[in-house]
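Residue numbers 44 to 567, in our numbering, belong to the letters of the sequence shown in order.
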Amino acid sequence: MKFIVVTGGIISGLGKGITASSIGLLLQSLGFSITSIKIDPYLNIDAGTMSPYEHGETYVLADGGETDLDLGNYERFLGVELTKDHNITTGKIYASVLQKERNGDYLGKTVQVIPHIVDEIQERIIHVSQIDVGFGTPDICIIELGGTIGDIETAPFVEAITRLFSKLESHTFCFVHVSLIIEMHGESKTKPTQHSIKTLRSLGIVPNILVLRTNNMLDDDTLNKININCGVNKGNIICNVNVPNIYCVPDLFKKQNICDKLVKILNINNNNNYNLEDYYKILDHFNQNTNKLRVGIAGKYVGLQDTYLSLIRAIEHASFNVGVQIEIIWIDTEKIEKHQEEYDKLKICDRIIIPGGFGLRGIEGKILVCEYCRTNKIKMLGICLGMQVMVVEYARSIGYKDAMSREWAENGFYIIDMLPDQTGKMGGTMRLGNCEAVVNDDIVEKIYNQNVIMERHRHRYELTYNNSLIFKDTDMVLSAFDKKMNLVEIVRLDNHPYFIGCQFHPEFKSKYNNPHPLFVNLLI
Ligand code: GLN
């Protein structure tokens with residue numbers, strides 16, 4: 044097993060995740076089996092309780108893990124299926140150590156950060172790195188260390204990694220540090236990077252490769268300066284210049300021969316035979332001047348696109364498949380009720396998606412969006428909360444005027460309700476991860492090309508089979524069921540070109556070379 048550790052300096056948001064997944068994609072294309080671990084130094088057990096305003100979307104894994112959005116980058120770029128253990132947080136480490144303490148496992152010892160916390164981290168890294176994520180036993184594990192080097196929270200993780208480094212054979216580790224070169228007065232300023240490398244070295248990590256975010260490729264003078272002051276070979280400095288989209292990054296790295304450097308440091312054989320056919324098709328797609336479709340996303344977090352990261356990627360993946368360019372139109376469902384100009388944005392959209400969401404705010408705006416799409420026969424997809432709104436709006440239109448979800452109102456006819464097993468306790472208690480559904484509708488079966496589907500969930504409220512009986516002999520077709528739980532998983536409106544709601548999150552399963560059929564068929 045080899046490890047590539049990706050750390051970040053100076054500021055957050057430099058694209059460590061994209062750097063790590065691009066490296067993974069290139070190495071995978073050379074035939075290596077790749078896995079990845081994301082370390083998040085926060086105290087939360089997982090990302091499930093974190094606000095999307097603060098932290099971007101919560102990504103949901105097949106096993107129900109609620110994780111940082113970077114795990115989505117890995118699954119999408121590498122086609123792997125990760126588990127909740129692939130996201131290590133300070134919260135998980137402490138929870139486990141404290142449980143062991145309560146069990147008396149430490150035999151009377153004083154429990155301390157060193158050695159107990161640091162040992163727990165090392166054990167987890169070793170164990171998780173060996174899990175088969177879909178391509179056999181992994182050859183290389185990419186570890187992304189969240190936060191920036193020097194943060195108090197990252198210290199135990201850095202310590203654990205340096206201990207593993209000194210314990211394991213040489214050439215087991217490659218350290219990649221992502222930093223920023225600031226352009227000022229026409230000069231490339233390297234000082235902040237110098238400082239962050241100084242901090243990294245003081246913690247016991249000597250970076251092998253530097254990935255530098257810059258506006259332009261760095262000139263020789265700047266490279267020399269970095270080499271002299273940071274002790275990193277000029278040849279091991281990769282420029283991560285601004286590119287039009289994230290799909291350009293692996294190509295950018297490949298052109299700078301990053302894999303040659305990585306395999307040399309890790310002392311592994313490289314046949315130099317890249318298999319990147321699928322990947323290059325995507326780069327071609329962006330160069331083609333095809334039709335542009337305007338896809339409206341009607342939600343309440345429209346100011347923060349990281350909240351809908353997987354959704355945007357899933358739309359992109361489908362657009363590669365269908366051969367259209369996409370323009371996203373952001374529609375703020377809180378504004379839509381009161382501001383005509385926000386409502387009018389609906390009229391320029393060729394397709395509309397209501398994504399998942401929580402709480403009451405913006406709900407009546409979403410009801411208006413559903414009504415607009417239903418009555419004007421605009422193709423629309425409702426995801427999770429989106430499906431619940433579609434169902435409520437339709438129920439109201441056929442006479443159930445006080446139709447509601449229990450989540451949005453103190454009283455009403457709760458067509459969307461909470462199951463009795465929901466206790467109101469937070470943190471990993473929703474219906475989460477993969478659940479099987481049986482498709483019961485020819486049109487949806489044709490979309491999926493199969494009649495038993497497995498999709499990822501993250502919600503507390505449901506359309507139960509009993510409540511759905513009001514749609515008997517109406518245009519609302521109940522297209523798929525969770526037979527075990529007696530729940531409706533997909534609804535579709537007859538006499539409409541595409542009006543589909545799904546109780547799960549198809550965006551978490553979409554891959555660039557394997558787009559999700561619900562998005563592909565929305566765009567067609
Ligand atoms: N808030 C809704 C529920 O909990 C929908 C959740 C979602 O869209 N992910 O059921």
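Cβ coordinates follow ideal geometry from the N, Cα and C atoms, glycine included. In this text, all values refer to a predicted model and were calculated from it rather than measured experimentally.
> Contact between the stretch 316-333 and the stretch 519-536: three or more CB pairs below 8 Å?
Replying inline: no
> So is the beta-carbon of M473 under 8 Å away from any non-hydrogen atom of ligand 2?
Replying inline: Ligands displayed in this structure: ligand 1; ligand 2 is not among them.
>> If you measure from each CB to the nearest heavy atom of ligand 1 and keep those under 5 Å, what residues do you get, in chain order?
In response: G399, F401, C427, L428, R501, H502, R503 and Y504
>> Tell me which residues share the same chain as A90 and place their Cβ nearer than 7 Å to its Cβ, disregarding the 5 neighbours each side in the sequence.
In response: H98, T101, E109, T110 and D111
> Going straight from the alpha carbon of V156 to that of S209, what length do you get?
Replying inline: 19 Å
>> Quick test of the definition: if touching needs 3 or more C-beta pairs under 8 Å, does the stretch 383-391 touch the stretch 134-149?
In response: no
> Does the stretch 253-260 come close enough to the stretch 271-288 that 3 or more CB-CB pairs lie under 8 Å?
Replying inline: yes
>> Using CA atoms only, rank isn't needed, just tell me which of L261, F120 and T126 is closest to D106.
In response: T126
> Is the stretch 51-70 touching the stretch 296-306, taking contact as three or more C-beta pairs under 8 Å?
Replying inline: yes
> To the nearest angstrom, how far is it from the Cα of T418 to the Cα of E380?
Replying inline: 17 Å
> When the Cβ atoms of the stretch 338-354 are set against those of the stretch 306-318, are three or more pairs found closer than 8 Å?
Replying inline: no
> Roughly how many whole angstroms lie between the Cα atoms of P235 and S222?
Replying inline: 8 Å
> In this structure, what does DSSP give as the bridge partners for M260?
Replying inline: None; M260 has no bridge partner.
>> Using the Cβ count rule (16 or more neighbours within 10 Å means buried), how would you classify M469?
In response: exposed
>> Between which two residues does the beta strand (DSSP E) holding N283 run?
In response: I280 to V284
> Can the beta-carbon of I372 be found closer than 9 Å to that of I391?
Replying inline: yes
> Across which residues does DSSP place D460 in a beta bridge pair?
Replying inline: E505
>> Just to confirm the assignment: which complete alpha helix (DSSP H) runs, minimum length 4, are found wholly within the stretch 146-209?
In response: 161-172
>> Whole angstroms are fine: how far does the CA of R244 sit from the CA of I426?
In response: 46 Å
>> Per the DSSP calculation, Y102 is bridged to which residue(s)?
In response: T110
>> Helix, strand or coil for Q368? Go by DSSP, reduced to three states.
In response: strand
> Which same chain residues, not among the five before or five after L555, have their C-beta less than 7 Å away from its C-beta?
Replying inline: A small fix is needed here, since residue 555 is Tyr in this sequence, not Leu. Correct list, in chain order: R119, I325, H360 and F363.
>> Please classify D445 as buried or exposed, where buried requires at least 16 neighbouring CB atoms within 10 angstroms.
In response: exposed
>> By the three-class DSSP mapping on this structure, what secondary structure does S522 have?
In response: strand
> Between which two residues does the beta strand (DSSP E) containing R337 stretch?
Replying inline: K335 to G342
>> Just to confirm the assignment, what range does the alpha helix (DSSP H) spanning S239 have?
In response: K234 to S245
> How close, in whole Å, do the beta carbons of I225 and K232 come, if the pair is a contact with beta carbons under 8 Å?
Replying inline: 4 Å
> Looking at the unbroken beta strand (DSSP E) that takes in I47, where does it start and where does it end?
Replying inline: K45 to G51
> Taking C-beta to C-beta, are F75 and D162 nearer than 9 Å?
Replying inline: no
> Alpha carbon to alpha carbon, how far is P560 from Y491?
Replying inline: 6 Å
> Any idea which residues DSSP pairs S222 with across the strands?
Replying inline: L255
>> Quick check: the Cα distance between G193 and V201, rounded to an integer number of angstroms?
In response: 10 Å
> Can you tell me whether K409 is buried or exposed, with buried defined as 16 or more other CB within 10 angstroms of its CB?
Replying inline: buried
> Which stretch, first to last residue, makes up the beta strand (DSSP E) that contains K81?
Replying inline: I77 to D83
>> Run through the DSSP bridge pairs and tell me what S231 is partnered with.
In response: E226
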